[in-house]
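Peer 1: Chains B and W supply the protein sequences, listed in that same order.
Residue numbers in the first sequence follow my numbering, run continuously in steps of one, and reach 363 at the last position.
Residue numbers in the second sequence follow my numbering, run continuously in steps of one, and reach 1282 at the last position.
Heads up, the beta-carbon is just placed ideally off N, CA and C, and yes, glycines get one too.
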Amino acid sequence: MAQVTIRHLNKQFDQIDAVKDVNINIHDKEFVVLVGPSGCGKTTTLRMIAGLESITSGKIMIGDVIVNELPPMDRDIAMVFQNYALYPHMSVYDNMAFGLKMRGLDRAEIAKRVRAAAEILGIQDHLTRKPRQLSGGQQQRVALGRAIVRSPQVFLFDEPLSNLDASLRVQMRVELKKIHDRLGTTAIYVTHDQVEAMTLGDRVVVMKDGVVQQMGEPLELYNAPANRFVAGFIGSPGMNFATVRLGEAEGALWVENEAIRIKVPSQIATRLRGHMDEWAVLGIRPKDLRVASNTDTADLSFEVEIEVVEKLGSEILLDVRAGASAMVAAVEPTIRAKVHDRLRLAVDVNRLHFFDHRSGVAI
Amino acid sequence: MIEVKWRRWPFFYIPLSAFIVALLFPFYWMIVTTLRPDNELYRPWNSPNYTPFWTWHPTLAHIEYLLRETLFTTWMLNTLFISVLATLISLFCGLLAAYALSRLKFPFAGTLGTGIFITYLVPQTLLFIPLADIIRNFQLSDTPWALILTYPTFLVPFCTWLLMGYFKTIPKELEECARIDGATRWKAMLYIIFPVAVPGIISAGIFAFTLSWNEFIYALVFLSTPDEKTISVGVTSELVRGDVFYWGSLMAGALLGSVPVAVIYSFFVEYYVAGLTGSVKG
């Protein structure tokens, strides 16, 4: 068990910055997820922690040891790869035992550990098979087992679930979480799937273009995104954005554009004072929009035209247009709505997000 | 469906059959000539019972002559010894070179790879002149070592390139995983990469073996005593005397000489198909 400390980590490939000044403190037993679109530097960061990629500048510590120059084998880590990287010529047992053999453990101890890990993962009946005789899910378990038997200080996961089909992915996600709770080993997990990030991570690190955008607990990212990128990336369907102008009228603060005109309550208004008479980006989560009823006042709602109706069962997604901005509203499944209908959507005014028009930083 | 089946004939079965016939006909000719008695062999084409494609009086006389009256068995053993050693040396060098060129990052790796390939393109008919000089200086003329040490000049580049291609199909994660698991680069190479590359290694070995087995020019130039000759040189130099061709025994020598290669191919056919198409089954 160990904490992992990353200080001012940089990586350049041919003068291009792949990772820029990354600082992360990962506590002992914590499950941290690095998430971001492809090419955001998350995998490169993980590979630097593993020792598979050299570090341009900065420092990585596992426990109290600076591992910058240590070869992968001396870092006491285990890694699960996206394509599993099972040794095709070895049986499941030998795959799991390989790391222990390399470390010179005796036969009995190896057998004991492999059986224990196989039992946790439910693959004890397949130990004599070759990897190609197993299904994708079973191969995934073997890859996990190979990491578990070593009882390393840190688990590294590089998109381990992305080769599985959707239902299996959900199942393995839950299982991963259980295994982590049981073993309590520090884990660093890379994914491009924000649902995986939110469900697995004790803390989530959102990256883009090699830079950490925000780091925090899943709900923190969801409720208080640090910038427009995080707001749009976390949550499904993504947050709606509309460019609005902040102005004062009738003694209150209003955000408005050609289609939207909302009165902002005073407690939020204080935050926005500095941006008066400027353009800003208004962010509303689909869940925070509802079809307006008679009790909703006109200054907390706006009119839209429905373009697509997606009936998901538990809710209905209305793809609507409000002036120049396309929005999605997640509404009650009982709502009767047709394409080209015009209706009013009310907002949950306490859950509005505002971002600087140019920098995208949350206001 | 019916139309599709009908189309398989002109576009698949007929071209395939033509191809097979064209490929196998020389072997058939070789067999027929081997078994044909001499009086039939030298019968002119316009004689009444001229049957070029078959014989009614098969005989083993030519094979008997080859085995009893010539040094064929010695040539066979020479060829085997030379081919096996040359193949092993080339495979060993090729494996290490291919691994380094495909996996290690070092300056001029690409240039070096291309350089090795270019040496393969230098024709043997040109290269044998300087090589003959070297062989003479080392006093290796007329010994098997003259060939064992010169065959790698074309086998090493060949093996290196074939294996480089194969190594590139092996996911690099396998090796990375092994190295995280606690293996050094050597151990990862030995326990993970080489076993996975077995189909590639076998196909490189088969091709290298075949190339050495069939090699002619170096053997012709570097060996002169009948005792030291290989099959390809021995058969052609000892069974063509002046302008007399001992066709029956010549063909018998060719036939028996191609048997070991055919046997090896048939044993490893699956491996070398996998080796050439480069498929690592996960």
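Can you list the residues of chain B that W/ASP1181 reaches, using a CB-CB cut of under 7 Å?
Peer 2: Here the neighbours are PHE98, GLY99 and MET102.
Peer 1: Determine the DSSP secondary structure at B/ARG228, reduced to helix, strand or coil.
Peer 2: In the structure shown, B/ARG228 sits in a helix (DSSP, three-state: H, G or I).
Peer 1: Could you give the DSSP three-state label for B/SER325: helix, strand or coil?
Peer 2: Here B/SER325 sits in strand by DSSP.
Peer 1: Is B/GLN153 helix, strand or coil by DSSP?
Peer 2: It is coil, neither helix nor strand.
Peer 1: Tell me whether the beta-carbon of W/LEU1155 lies closer than 9 Å to the beta-carbon of W/SER1212.
Peer 2: Their beta carbons are under 9 Å apart, which means W/LEU1155 touches W/SER1212 by this criterion.
Peer 1: In this structure, how does DSSP classify W/ALA1109 when only helix, strand and coil are distinguished?
Peer 2: Residue state, collapsed to three classes: helix.
Peer 1: State buried or exposed for B/PRO194, treating a residue as buried only when at least 16 other CB atoms are found within 10 Å of its CB.
Peer 2: As written in the sequence, residue 194 of chain B is Gln, which differs from the Pro given in the question. Burial call: buried.
Peer 1: I need the straight-line Cα distance from B/ASN350 to B/LYS263, nearest angstrom please.
Peer 2: In a straight line, the C-alpha of B/ASN350 is about 11 Å away from that of B/LYS263.
Peer 1: Thinking C-alpha only, which one of B/VAL328, B/ALA329, B/VAL204 and B/ILE120 is nearest B/LEU176?
Peer 2: Out of B/VAL328, B/ALA329, B/VAL204 and B/ILE120, B/ILE120 has the C-alpha closest to the C-alpha of B/LEU176.
Peer 1: Just mark B/ILE49 as buried or exposed, buried being the case when its beta carbon has 16 or more other beta carbons within 10 Å.
Peer 2: Buried, because 16 or more other Cβ atoms sit within 10 Å of the Cβ of B/ILE49.
Peer 1: What does B/PRO72 touch in chain W if you count any residue whose Cβ is under 8 Å from its own?
Peer 2: Correct list: GLU1176, ARG1179 and ILE1180.
Peer 1: Given that a residue counts as buried once 16 or more other Cβ atoms are within 10 Å of its Cβ, and exposed if not, what is B/PHE98?
Peer 2: Per the 10 Å Cβ criterion, buried.
Peer 1: Compare the Cα-Cα distances from B/SER293 to each of B/ASP299, B/SER151 and B/ALA346 and report the closest residue.
Peer 2: Looking at the Cα atoms, B/ALA346 is the closest of the given residues.
Peer 1: For the stretch 1192-1205 of chain W, which residues have a beta carbon sitting closer than 7 Å to at least one beta carbon of chain B?
Peer 2: Flagged, chain order: ILE1192, PRO1195 and VAL1196.
Peer 1: Bridge partners for B/ASP356 per DSSP, in chain order?
Peer 2: Note: B/ASP356 sits in a beta bridge opposite B/ALA280.
Peer 1: Tell me which same chain residues have a C-beta within less than 7 Å of the C-beta of B/THR191, skipping the five on either side of it?
Peer 2: Within the same chain, B/THR191 has close Cβ partners VAL33, VAL35, GLU159 and ALA197.
Peer 1: Residues in the same chain with beta-carbon distance under 8 Å from B/LEU100, minus the five sequence neighbours each way, listed in chain order, please.
Peer 2: Answer for B/LEU100: GLU109, ILE110, ARG113, VAL114, VAL149 and ARG150, listed in chain order.
Peer 1: Tell me which same chain residues have a C-beta within less than 6 Å of the C-beta of B/GLU258, skipping the five on either side of it?
Peer 2: Cβ neighbours of B/GLU258 beyond the five flanking positions: GLY323.
Peer 1: Check each residue of the stretch 1147-1170 of chain W: if its Cβ is closer than 7 Å to any Cβ of chain B, include it; give the result in chain order.
Peer 2: For the stretch 1147-1170 of chain W, which is checked against every Cβ of chain B, not one residue is closer than 7 Å.
Peer 1: Which parts of the stretch 79-144 of chain B are runs of the alpha helix (DSSP H), unbroken and 4 residues or longer, counting only runs that do not cross its ends?
Peer 2: Listed in chain order, the complete alpha helix (DSSP H) runs (minimum 4 residues) inside the stretch 79-144 of chain B are 92-102 and 107-121.
Peer 1: Return yes when the Cβ of B/ASN83 is within less than 9 Å of the Cβ of B/ASN10, no when it is not.
Peer 2: No, these two residues do not count as a Cβ contact at 9 Å.
Peer 1: For B/ASP348, collect the residues of the same chain with a Cβ closer than 7 Å to its Cβ; drop the 5 residues on either side in sequence, then sort them by chain order.
Peer 2: Result list for B/ASP348: ASP288, in chain order.
Peer 1: Assuming W/SER1224 and W/LEU1239 form a contact by the criterion Cβ under 8 Å, report the distance between their Cβ atoms to the nearest whole angstrom.
Peer 2: Going by Cβ atoms, the distance from W/SER1224 to W/LEU1239 rounds to 17 Å, so no, they are not a contact pair.
Peer 1: Would you decide whether W/ASN1039 is buried or exposed? Buried here means 16 or more other CB atoms lie within 10 Å of its CB.
Peer 2: By the neighbour-count rule (16 or more Cβ atoms within 10 Å), W/ASN1039 is not buried but exposed.
Peer 1: Spell out a yes or no on whether the stretch 1042-1054 of chain W and the stretch 1227-1234 of chain W are touching, meaning 3 or more CB-CB pairs, one atom from each, closer than 8 Å.
Peer 2: With the cut-off at 8 Å, the stretch 1042-1054 of chain W and the stretch 1227-1234 of chain W do not touch.
Peer 1: Just how far apart, CA to CA, sit W/LYS1281 and B/ASP165?
Peer 2: Residue placement at W/LYS1281 is poorly supported in this model, since its pLDDT is 46, which falls under 50; the coordinates still yield a value, given next. Going from the Cα of W/LYS1281 to the Cα of B/ASP165 covers about 20 Å.
Peer 1: In whole angstroms, what is the alpha-carbon distance linking B/ALA116 and W/MET1164?
Peer 2: Distance between the alpha carbons of B/ALA116 and W/MET1164 is about 40 Å.
Peer 1: Residues bridged to B/GLU305 by DSSP?
Peer 2: B/ARG321 and B/ARG342.
Peer 1: Considering only DSSP beta bridges, list what B/GLN12 is partnered with.
Peer 2: DSSP lists B/ASP17 as partners of B/GLN12.
Peer 1: The beta strand (DSSP E) with W/TRP1009 in it runs from where to where?
Peer 2: Careful: W/TRP1009 lies outside any beta strand (DSSP E) and carries neither H nor E.
Peer 1: On the CB-based measure, 16 or more other CB atoms within 10 Å of its CB, does B/PRO72 come out buried or exposed?
Peer 2: Label assigned to B/PRO72: buried.
Peer 1: Does DSSP classify B/ASP158 as helix, strand or coil?
Peer 2: Strand.
Peer 1: B/GLN194 lies in the alpha helix (DSSP H); which residues open and close that run?
Peer 2: B/GLN194 -> alpha helix (DSSP H) spans 194-200.
Peer 1: Have a look at B/MET90 and W/ARG1036 and give me their C-alpha separation to the nearest angstrom.
Peer 2: Straight-line Cα distance between these residues: approximately 53 Å.
Peer 1: Under the DSSP definition of a beta bridge, which residues are partnered with B/PHE241?
Peer 2: BP columns for B/PHE241 point to B/GLY283.
Peer 1: May I have the straight-line CA-CA distance separating B/ARG245 from B/MET276, to the nearest angstrom?
Peer 2: The alpha-carbon atoms of B/ARG245 and B/MET276 are separated by roughly 8 Å.
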